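See below for the structure under consideration.
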Amino acid sequence: MSVQKSTKVSNNNAKDFKKHTQLRNGKLLEQTDDHIQEVNRKKRDLKLSQILNCTDSDSEVAKNSESKESKEESPWYDNSNSDFLKSVDTKAYRQYDLACERVKDFYKEQHENQTVAYNLQARINFKTKKRDVMTVWDALVKLNVLLDESDPDTELSQIDHAIQTAEAIRRDCKPRWFQLVGLIHDLGKLLYFYDSKGQWDVVGDTFPVGCRFSKRIIFFEFFKNNPDNDNPLYNKKYGIYSPHCGLEDVMLSWGHDEYIYHIAKAQSKLPPEGLAMLRYHSFYPWHQDGGYRYLMNENDAQMLQAVKAFNPYDLYSKTDITYDIEELKPYYLELIDEFFPQKLVKF
Ligand SMILES: [Fe+2]
Ligand SMILES: [Fe+2]
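Residues in the sequence shown are numbered consecutively from 1, following the UniProt record's numbering.
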């Protein structure tokens with residue numbers, strides 16, 4: 001595609017996005033997502049402190065060499081030598097009450113509306129809609145503009161979070177595909193400006209639909225008003241699935257994770273572990289709270305390891321350090337091209 005033609009596509013996209021922005025307040029979405037992340041951090045920190053209190057002897061094992069060589073020799077899923085994680089002061093993150101009203105209201109709406117019927121329709125819409133075509137970098141910039149436009153005093157932009165996550169992963173010498181996952185993991189939030197119904201089908205923890213809702217899902221009690229909860233087809237332990245069928249065949253609640261996963265699966269060269277990080281990064285009842293083991297197959301154990309390796313970079317990389325995006329841009333453009341060689345991606 002010529003530069004002129006590509007610029008025209010971008011201009012049209014910009015107009016469309018501008019139109020959608022007037023209808024959607026991106027900053028509110030980000031605030032909700034930030035609060036949800038705070039809750040997830042608190043849950044994880046509580047769990048970590050319990051583990052640390054119980055296993056003093058394990059802390060000796062954690063005292064490994066900090067040399068770059070040993071980091072490079074460690075398998076990519078091993079975070080024990082992570083400089084990034086050692087530098088994180090988890091207590092520095094504001095401690096939200098688990099019942100933070102805003103998060104509670106959000107989950108009430110999400111749990112009542114994420115039904116099998118809604119999920120099937122969302123996937124049909126995704127497959128049949130007219131798609132915007134742009135580069136991954138342009139998509140990151142668009143998302144940034146959309147989410148931050150309504151608040152000029154924003155503390156941290158979406159592109160900062162993308163870069164901070166990717167840079168933390170890069171600093172720990174993780175593979176290039178892992179770094180790219182860090183960069184694009186939240187790009188699916190573009191969905192908010194396309195055909196989402198609200199915040200509840202874009203952000204928040206995800207969970208399977210079509211089978212009994214696990215008590216490990218945050219604010220489980222709100223499922224009582226979800227129509228699927230009374231449907232005998234969907235309210236049994238396995239529902240429409242079979243024991244250990246594998247998560248690949250399980251429909252997870254629709255949101256930014258599913259959205260970017262389907263785009264990357266069809267259009268990128270990311271390995272299965274990278275795709276799993278995209279798809280499951282908000283599936284906290286599974287990767288953090290140990291639920292749904294009865295739906296996993298052997299392959300999913302490997303995917304779980306990958307998602308667990310990614311999760312801390314997402315949760316703890318939001319800091320005050322902002323990077324010079326223009327300076328880093330050439331590195332990330334090359335990285336994007338490596339895994340999206342066709343350059344233009346259908347969003
Ligand atoms: Fe996310
Ligand atoms: Fe994120």
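Virtual Cβ for every residue (Gly too), placed ideally from N, Cα, C. From a predicted model like this one, the values you see are computed outputs, not experimental measurements.
Indicate whether residue i and residue j have their beta-carbon atoms separated by less than 8 Å.
i           : j      : result
Gly290      : Arg216 : yes
Arg102      : Thr32  : yes
residue 368 : Asn229 : Nothing can be reported for residue 368: it is not among the residues displayed for the chain, which extend from 1 to 347.
Tyr332      : Leu183 : yes
Asn40       : Tyr284 : yes
Leu278      : His185 : yes
Asp201      : Lys129 : no
Leu140      : Leu187 : yes
Ser268      : Phe178 : no
Glu112      : Asn226 : yes
Val145      : Leu29  : no
Asn270      : Leu180 : A small fix is needed here, since residue 270 is Leu in this sequence, not Asn. It is a contact, given that the beta carbons lie within the stated cut-off.
Ser253      : Gln114 : yes
Lys313      : Phe222 : Note that residue 313 is Tyr in the sequence shown, not Lys. Contact flag unset, no.
Starting from residue i and walking both ways along the alpha helix (DSSP H), at which residues does that stretch end?
i      : result
Ile321 : Note, Ile321: premise wrong, no alpha helix (DSSP H); not H, not E.
Lys108 : 101-113
His161 : 158-171
Asp83  : 83-87
Phe178 : 176-184
Thr135 : Element bounds for Thr135: n/a, residue is neither H nor E.
Lys127 : 116-128
- Query: Residues with a Cβ closer than 6 Å to any heavy atom of ligand 1, in chain order?
  - Reply: His185, Asp186, His256, His281, Ser282
- Message: Quick check: the stretch 299-312 against the stretch 74-86, are at least 3 beta-carbon pairs closer than 8 Å?
- Response: Flag = yes, the stretch 74-86 and the stretch 299-312 touch.
- Message: At 4 residues or longer, what runs of the alpha helix (DSSP H) sit wholly inside the stretch 248-331?
- Response: Those alpha helix (DSSP H) runs which fall completely within the stretch 248-331 and span 4+ residues are 256-267, 272-280, 284-287, 298-316.
- Are there three or more Cβ pairs, one per stretch, closer than 8 Å when the stretch 115-133 is compared with the stretch 194-210? yes
- Three-pair Cβ contact test at 8 Å for the stretch 258-274 versus the stretch 235-247: no
- Item | Sufficient close CB pairs (3 or more, under 8 Å) joining the stretch 238-255 to the stretch 291-300 | By the C-beta criterion, the stretch 238-255 is judged to be in contact with the stretch 291-300, since at least 3 inter-stretch pairs fall below 8 Å.
- For the stretch 318-327 against the stretch 268-282, are there 3 or more C-beta pairs whose distance is under 8 Å? no
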